[in-house]
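Data block below; observations after.
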């Protein structure tokens, strides 16, 4: 315990803790009996507190004890105080921001209250209050009426001269009604008042605590795991802690006593302090300046106490909670002797027991995995001297049985495990340094292995790892080759065999290799430590089994081992390297884009040989363990979670430790260490145990053991057969087993949830509105929700949601459509939190990396259409420099054929498509800048086009659009004449030919034109962007092919492109303009009568040249895409449906993009983007995909201290609206929130279960066939 004293000069008497300002950091309130006030300390969440705020309890009130609870059901914590001096209790109602109202008083009559608790005794979902009373030797019950009001007190005698000093509540006789237990200081006993159905209590029954014991304080809990509530007592008079074990029939066994020496215990609490799932006892002492912790064995017995100094001879009150958010319990102690509050922060204290097991000669590498499918971790060791591997099977208690040896190649140097033939049994791969190959040994699932099969790799292979590098759900192998200075990639066939190795050059003398997704593209990458040039090489994977050229980063001298993990909790993988030459560890923090920061080094002892990572102190922050060869030890560096580490802790092992691995070998949820010792020819297993304050439990299984946490069923591939999805906590993935419909299932398909994610819960639903089942995963380790979007073929695309990052760890998640919009929402409960959060899925949309296709010289404009009537979109591009258009036919999968070119006029500037001769085949019209005409190319319907026909218009044609301007069902043409400041309208005859132009004046340098019906008269109108006059011209159509005089609206600087769409969902067309001079877009909202309101401008890239609109995230709201020629990007701005847009997201394209349009090119119902790049002479195709972000919609409070364990979503009242059911283990009840259909819910209805049966899970169904 690390002590942090808080100065307190006002006579503190009692402490309670809670989150008073809803910032997820615990606060505390102190009862100050001398100053007649309470003090509220708001916590910073790091174990420190702000200066106190004082609230008066009244003159001469002498507040003796304080407790907290929500007394008026407003979901804000309130404070209740027992005022000894004025014979009353005070209620301070909280505002939820850390401040409180003035007190409301409730009289206790002639009784002087000295202890107070708050609990719901009569099961009406309202907190009641009980007090222990001095003077009248009684207890008083105040029953809550709601809104913070209480009944007059009902008083029960505790017998003459009993002097009741403390009280606790619980169901001691398992009749589902709460009882009261009281310490009677004067009569040396514990009194129990059994409760009945209406909250009334029977006469007290007493249990002796011994002559002169003077019990002062009481706490209750399940001390021996028999489901009967037991009692712990602080016996002030006899300097002992007493334990009363419940017999289960309303009686208790004789008191078991535990001495604490000369100190007299005052306060007592029961908690699981070392997170071993066994309750411990904490006491405060008078006389010895310390507090004590008794660790429980889980059978009702306790170890001798550990004592921690407080500096005060009189510590009278205690409260326990996680004050600094490190997931370890801390202690707040009130010291009456010194007038101070002590904050004792819990910290990690680990003691390791070493066991040695003999191996073969010169063991050089060790890994762990479950080789016999008994859910217990086993060990495999590669022995370089005896050319074999040893398998040691674990028995689950930390000991191992040595089984057979298996021959491999010459001088095996490294070993890894994985399921290479997809039979759900772990296999082994070993690098053979002497024979330049790897040996693969297939496992049979009972701990034995087949004869090795060898595969050639590079020269002197030194390290091996496995992963799926080509995303075919089959494990592949990566090998670092010391002498050939490269890595070998062996792609797996999924049947236990592998393809011939492909080699990639890395640094000099590569010694170790590790894998991870360093640029968050869902493709595995490689990092290699190269001992010869003091560097690591990072090779980014393409997801097809090939890798980019290495990028090198300097590390320490002679790096021998490398590992990866997220050391700063930013969800981006980092690198850690063991440097043997300068005895250091290098940490390189990742940026998440495949690049890494410069190294930070830590000195860690001599001859670092091997490194591994894991959370050894259960604080959710990754730590590092290193094997120090010449000092015969391993060193542990505990991580702070920000990329930095504490000083090392060292543990002795065997002779010349050469390899280290981690795993939970004894099923105590704490990571243990195994070390291969080269010279002593053995492995050391170091088992961890804890006597300290570790509050948060987490398991970790790096080499095997899925540690299944959650299962859901549903049809995930639309074949009408039920499938299974599993949350595999230990292996950081989701398993999907597709059902055959006959009770049998395919082998499990693994979907990674990310390093150290530790998924604990799954929900399935349609989150993106494509009518295909998706999977949402609650990741306990990373405090995030992962999203796996489903495709109809039973495959899934993985992403991590940006919308949900938690302070607390997600416990259980369920999905349902709470607003009947055909898209699922999710409900989440958290570990040790009193609420349910509702999140709404929002498709933010994203785009893949561009694919480029060559076209002609200086492409200026692009349009799309189905030119060969195959229902797949094709592309047409104008080539300004080669006086042609290029047609690229689409294959329907997002790729296109090679271009076919057609001659047009001089310097073609713009292109659109339409059926100009009414033959149901698309045609092309092109505006030609220098020849001052338009070219019409009639389509044959097979993807080819007739020779152009030209029509003369005015000068310097910049843009063309089409529409039926005279309502004759024949398409017409409008062209902007950049040189003469007008537009030309050419009416179509419907046979592919056009009438002579008619001109209409517009602004200066018209450069872009679009058409729509702006005044809702069923006649098409025209909008023109005027580059030099910085405005747009609106020309309203008469419906006969002629137009009214223009009306202008100012926009940004040098507008270059215009497009129309309904951006605020009012059924009236709006306008968006790209402004090249001001690097933004202007949005003008239409009022439906042909006029517009200028709203706001939105920043985009440099020199925006073209704008288009479309619904990119399938939310029925139009979005904007802009091509910016100055920085070679396109900007996507998502619309909110009311005329406003989000900040841009940029995507790289070719050089000098000049035109952009949209379409669904791969038939996935998601819009894609096409860009014409003028300088790089190509078009960029950017395929869209869904990116789901969850937005928190509302929080449902479940009641103070309720800590929901599970939830379910169903329609409980047959109103076709989804409702929520919640299970409360702590309060022995279930709660129902009925849905209102608009993502709101009624107040909770609560139903009691049997107390102390601790309900922990819930499912729904019609069990009696009554359709309800």
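In full-length UniProt numbering, the protein residues as written are 1 to 1268. Just so you know, even glycine gets a beta-carbon here, dropped at the ideal spot from N, CA and C.
What residue does the beta strand (DSSP E) around residue i start on, and which one ends it?
i, result
"residue 407", "400-407"
"residue 536", "535-539"
"residue 872", "Counting along the chain, residue 872 falls outside any beta strand (DSSP E), and DSSP gives it neither H nor E."
"residue 638", "633-639"
"residue 416", "412-418"
"residue 306", "306-309"
"residue 1205", "1204-1210"
"residue 774", "774-779"
"residue 1058", "1055-1061"
"residue 378", "378-383"
"residue 169", "164-170"
"residue 16", "12-18"
"residue 1355", "Missing from the structure shown is residue 1355; the chain here goes from 1 to 1268 and no further."
"residue 105", "104-107"
"residue 178", "Run containing residue 178: none; DSSP gives neither H nor E here."
Kindly indicate which residue of the options has the alpha-carbon position closest to the one of residue i.
i, options, result
"residue 909", "925, 918 and 899", "925"
"residue 1038", "1018, 1056 and 1053", "1018"
"residue 1170", "917, 1260 and 853", "853"
"residue 181", "158, 756 and 197", "158"
"residue 440", "734, 388, 487 and 618", "388"
"residue 917", "964, 991, 860 and 967", "991"
"residue 1098", "1110, 1112, 968 and 1079", "1079"
"residue 887", "558, 934, 946 and 906", "946"
"residue 1035", "581, 780, 121 and 1020", "1020"
"residue 325", "506, 456 and 19", "19"
"residue 669", "474, 636 and 614", "614"
"residue 140", "147, 130 and 134", "130"
"residue 836", "185, 405, 1159 and 1243", "1243"
"residue 319", "281, 781, 306 and 458", "281"
"residue 315", "197, 343 and 424", "343"
"residue 1127", "193, 278 and 1146", "1146"
Going by beta-carbon coordinates alone, are residue i and residue j separated by less than 7 Å?
i, j, result
"residue 1278", "residue 976", "Not covered by the structure: residue 1278. The range shown for the chain is 1 to 1268."
"residue 71", "residue 127", "yes"
"residue 329", "residue 273", "yes"
"residue 369", "residue 383", "no"
"residue 531", "residue 552", "no"
"residue 257", "residue 268", "no"
"residue 525", "residue 541", "yes"
"residue 611", "residue 561", "yes"
"residue 596", "residue 588", "yes"
"residue 458", "residue 449", "no"
"residue 882", "residue 856", "yes"
Please name the residue or residues paired with residue i in a DSSP beta bridge.
i, result
"residue 1197", "835"
"residue 1246", "1231"
"residue 37", "32 and 56"
"residue 132", "115 and 139"
"residue 1090", "According to DSSP, residue 1090 bridges with nothing at all."
"residue 726", "711 and 735"
"residue 355", "685"
"residue 900", "887"
"residue 850", "Beta-bridge pairing links residue 850 to no other residue."
So within the stretch 1124-1179, which uninterrupted beta strand (DSSP E) runs reach at least 3 residues, ignoring any that extend past its ends? 1129-1133, 1145-1148, 1153-1159 and 1168-1173
Length at least 4, wholly inside the stretch 486-574: the alpha helix (DSSP H) runs in chain order: none
Which parts of the stretch 922-1005 are runs of the beta strand (DSSP E), unbroken and 3 residues or longer, counting only runs that do not cross its ends? 923-928, 933-937, 949-952, 957-963, 972-977, 982-986 and 998-1001
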